[in-house]
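Heads up, our numbering is the position in the sequence shown plus 32, with the first residue counted as 1. Just so it is clear, CB atoms sit at the ideal spot from N, CA and C, and this is done for glycine as well. As the structure is a prediction and not an experimental result, all values here were calculated from the model.
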Amino acid sequence: MLTRSTRAFRKHLTRLPEAGGETSGVTEAPGAGSPEPALRMAVVGDSVAAGVGAPVLREALPGELAAALTAITGRAVSWRVSARSGATLCSLRKHLLSGLTDPMTRWTPDLVVVMAGTNDAMRLRSPWALRREAQRLVRDIRLRLGPDVPVVFAGLPDLRDVDVLPRSVRGPLRLYVTLLDRQLRVVARRGRRVHHLHSGGMPEFPGPWMSSDRFHPSAQGYRAWARVLAGRLSTLTDPPAPPAPPTDGAGPIRIRACAAGGGRAASPWRP
33 MLTRSTRAFR
43 KHLTRLPEAG
53 GETSGVTEAP
63 GAGSPEPALR
73 MAVVGDSVAA
83 GVGAPVLREA
93 LPGELAAALT
103 AITGRAVSWR
113 VSARSGATLC
123 SLRKHLLSGL
133 TDPMTRWTPD
143 LVVVMAGTND
153 AMRLRSPWAL
163 RREAQRLVRD
173 IRLRLGPDVP
183 VVFAGLPDLR
193 DVDVLPRSVR
203 GPLRLYVTLL
213 DRQLRVVARR
223 GRRVHHLHSG
233 GMPEFPGPWM
243 SSDRFHPSAQ
253 GYRAWARVLA
263 GRLSTLTDPP
273 APPAPPTDGA
283 GPIRIRACAA
293 GGGRAASPWR
303 P
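Next comes the structure, spelled out in structure tokens:
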């Protein structure tokens, strides 16, 4: 039943065009400008990364995410998009990664944001297969950019407010998407410099958050969503704080593990 319903939904979903405008841009740092160079951010993914529902990419998720990051960090952001409506993790890996860089200007990203997985969910991809494709995607990004560029998976969106979905499958599909999103978390937890950002949903209060297809965000929805993601993403752009020096000159303090019932010492707690 879920398979038939999702196929019928994809068949009857209103097809909106991808956002127009330039596929790259640079935000302006406030004031006299930041002494730091612009943060170079590449966004790759599906119809959400391609800005379906917004008129131009600057008013879709890539441009709004860059603007929100600048507002939070005070740092200019140079952004670039490689996206296609309908892309899955597999097709993204095979056909869109060449857009991560610009050989003409030698532009390479400091950060890669992946917006994909919803189409895998609508095709009922198994959790194991989705995790495998996410791992392959990270591997291929590393082959192109090196091991040190952070890769950030934006979490799959909550489908509770997507009223265009058939009511009979909305609940089961939401649980299924949650299961797939958990696989992206696993990939992030096990990968080096791989991260997962909880996506959240549209604001709780009424507003024009959805586009005319009632499935993709509108320009206002992208702006609201980008501000939520930027608040979480901005912590990755901060330089790591130097370790605090010991205050007594005797080196770091060692804390003994608590003994369990007077016997052998228990393992220390690990975050």
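- How long is the line joining the alpha carbons of residue 156 and residue 243, rounded to whole angstroms? 24 Å
- Item | Outcome for residue 137 when other beta-carbon atoms lying within 10 angstroms are tallied against a minimum of 16 | exposed
- Message: Judging by CA-CA distance, which residue of 152, 177, 263, 154 is the nearest neighbour of residue 140?
- Response: 177
- residue 322, enclosing beta strand (DSSP E) - first and last residue: Within the shown structure, residues of the chain are numbered from 33 to 303, placing residue 322 beyond reach of any answer.
- Integer Cβ distance of residue 93 from residue 80, believed to fall under 8 Å: 6 Å
- Task: Hey, could you find the ends of the beta strand (DSSP E) residue 112 is sitting in?
- Result: 109-115
- Task: For the alpha helix (DSSP H) holding residue 203, just list the boundary residues, first then last.
- Result: 199-222
- Can you grab the Cα-Cα spacing for the pair residue 102 / residue 160, in whole Å? 37 Å
- Considering only C-alpha positions, which residue in the set 72, 58, 52, 104 is nearest to residue 259? 104
- Query: What separation, rounded to the nearest whole angstrom, lies between the Cα atoms of residue 272 and residue 224?
  - Reply: Note that residue 272 has pLDDT 49, beneath the 50 cutoff, so the model's placement of it is unreliable and the number below is only indicative. Cα-Cα distance, rounded: 16 Å.
- Query: With C-beta atoms as the reference, is residue 51 less than 7 Å away from residue 97?
  - Reply: no
- Is the beta carbon of residue 99 sitting closer than 7 Å to the one on residue 59? yes
- Query: Do residue 167 and residue 226 have their C-beta atoms within less than 7 Å of each other?
  - Reply: no
- Query: Skipping 5 residues on each side, what residues in its chain have a beta carbon closer than 7 Å to that of residue 62?
  - Reply: 106
- Task: From the DSSP output, in three-state form, read off residue 258 for me.
- Result: helix
- Entirely within the stretch 134-185 and at least 4 residues each: give me those alpha helix (DSSP H) ranges in chain order. 150-154, 159-177
- Item | Separation of residue 163 from residue 215, as counted between CA atoms | 5 Å
- Item | residue 212 vs residue 119 beta-carbon contact at 7 Å | no
- Item | residue 183 versus 70, 126, 108, 132, residue with shortest Cα-Cα distance | 132
- Would you mind reading off the limits of the alpha helix (DSSP H) that contains residue 231? Segment: none, residue 231 is in no alpha helix (DSSP H) and carries neither H nor E.
- With distances taken between CB atoms, is the gap from residue 196 to residue 264 smaller than 7 Å? no
- Under the three-state reduction of DSSP, which class applies to residue 249: helix, strand or coil? strand
- What residue from 84, 173, 109, 144 has the CA that sits closest to residue 186's CA? 144
- Which residue's Cα is closest to the Cα of residue 142: 165, 108, 169, 121? 108
- Query: Thinking C-beta only, is residue 228 closer than 7 Å to residue 85?
  - Reply: no
- Query: Among 173, 70, 210, 95, which residue has its Cα nearest to the Cα of residue 253?
  - Reply: 95
- Query: Exposed or buried, residue 239, counting other C-beta atoms within 10 Å across all chains shown (16 or more means buried)?
  - Reply: exposed
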